[in-house]
Amino acid sequence: MLDNLLEPLQTRFEPVLDAARARWAALPDDRRALIRLTLVSLLIVMPVVLYVVPLIGSRMTAQQKLEQARAQLEQARQLEELILRRGLNSTGDKKAGKRAARTRNQSLIAMLDGIAAKVGVSGRVKAMRPVKSGRGDDRERVELQLDALVLSEAVRLLYELEYHDPPVVVSRFEVMRDSGDERKLDVRIEVAR
Numbered sequence: 006m007l008d009n010l011l012e013p014l015q016t017r018f019e020p021v022l023d024a025a026r027a028r029w030a031a032l033p034d035d036r037r038a039l040i041r042l043t044l045v046s047l048l049i050v051m052p053v054v055l056y057v058v059p060l061i062g063s064r065m066t067a068q069q070k071l072e073q074a075r076a077q078l079e080q081a082r083q084l085e086e087l088i089l090r091r092g093l094n095s096t097g098d099k100k101a102g103k104r105a106a107r108t109r110n111q112s113l114i115a116m117l118d119g120i121a122a123k124v125g126v127s128g129r130v131k132a133m134r135p136v137k138s139g140r141g142d143d144r145e146r147v148e149l150q151l152d153a154l155v156l157s158e159a160v161r162l163l164y165e166l167e168y169h170d171p172p173v174v175v176s177r178f179e180v181m182r183d184s185g186d187e188r189k190l191d192v193r194i195e196v197a198r
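Numbers in our numbering are just positions in the sequence shown, counted from 1, shifted up by 5.
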């Protein structure tokens with residue numbers, strides 16, 4: 006059946022193929038070698054041009070985007086340093102810059118310990134431990150567990166975390182009822198900076 010379909014095509018193109026074969030046979034050997042070399046070169050170069058060059062271009066684009074993001078991050082850090090040097094925070098408090106400079110090099114655990122003491126709940130800190138950061142996240146993270154807090158203490162703790170200078174991020178906040186007293190709360194907070 007396939008022969009029946011191909012037969013009209015063969016009869017139609019047979020004269021063209023015969024003419025091409027005759028011209029090929031009439032070419033000198035050096036010309037045929039040059040044409041073969043050109044065809045082989047094209048078979049090698051075309052996949053490189055069609056596949057490898059666009060792949061390299063897309064990789065360069067991703068690399069350029071990464072460099073651009075790093076440059077923006079560096080600009081943000083420089084801006085933060087400028088704000089700290091001028092001694093202003095977002096509310097215009099001039100003393101905030103001095104406080105930030107003092108606590109900037111303080112570890113996150115020490116900072117959380119100070120905040121817990123300021124709120125008056127340092128005696129109820131059950132655990133405070135570093136948490137491994139996720140892939141691509143280089144921020145310092147700490148999990149803080151507190152037992153038997155009243156609601157007003159939990160709110161004051163969140164307020165202090167939110168408005169702390171330098172800023173920290175509360176990435177997780179869990180509240181459970183204390184098993185011993187229904188009026189008390191057990192709190193687990195994950196903080197990052």
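Virtual Cβ for every residue (Gly too), placed ideally from N, Cα, C.
Assigned exposure category for residue i - 16 Cβ within 10 Å defines buried
i	result
Ile120	buried
Leu44	exposed
Asp8	exposed
Asp35	exposed
Met116	buried
Asp170	buried
Of the residues the options, the one placed nearest residue i, counting alpha carbons only
i	options	result
Leu154	Ile194, Arg188 and Leu14	Arg188
Glu148	Leu156, Asp142 and Val136	Val136
Val160	Ala31, Met116, Tyr56 and Ile194	Ile194
Gln150	Phe178, Gln77, Arg140 and Lys131	Lys131
Leu163	Arg28, Met51 and Phe178	Phe178
Pairwise C-alpha distance: residue j and residue i
i	j	result
Val54	Leu71	25 angstroms
Val180	Glu158	12 angstroms
Ser184	Tyr168	31 angstroms
Arg26	Leu42	18 angstroms
Gln68	Asp118	41 angstroms
Pro172	Gly125	20 angstroms
Pro59	Arg75	24 angstroms
Glu79	Lys123	33 angstroms
Gln15	Ala24	14 angstroms
Arg17	Leu11	10 angstroms
Leu166	Tyr56	52 angstroms
Gln77	Leu87	15 angstroms
Ser46	Gln73	39 angstroms
Asp186	Arg140	39 angstroms
Coil, strand or helix - residue i by DSSP
i	result
Arg140	coil
Pro59	helix
Pro135	strand
Glu72	helix
Glu148	strand
Val124	helix
Glu187	coil
Arg17	helix
Leu22	helix
Arg161	helix
Arg198	coil
Val53	helix
Val45	helix
Leu154	strand
Integer Cβ distance of residue i from residue j, believed to fall under 8 angstroms
i	j	result
Val175	Val192	Not really, about 11 angstroms apart at Cβ, beyond 8 angstroms.
Leu190	Leu156	7 angstroms
Arg182	Asp152	So it is not a contact: roughly 11 angstroms between Cβ atoms.
Arg198	Glu145	6 angstroms
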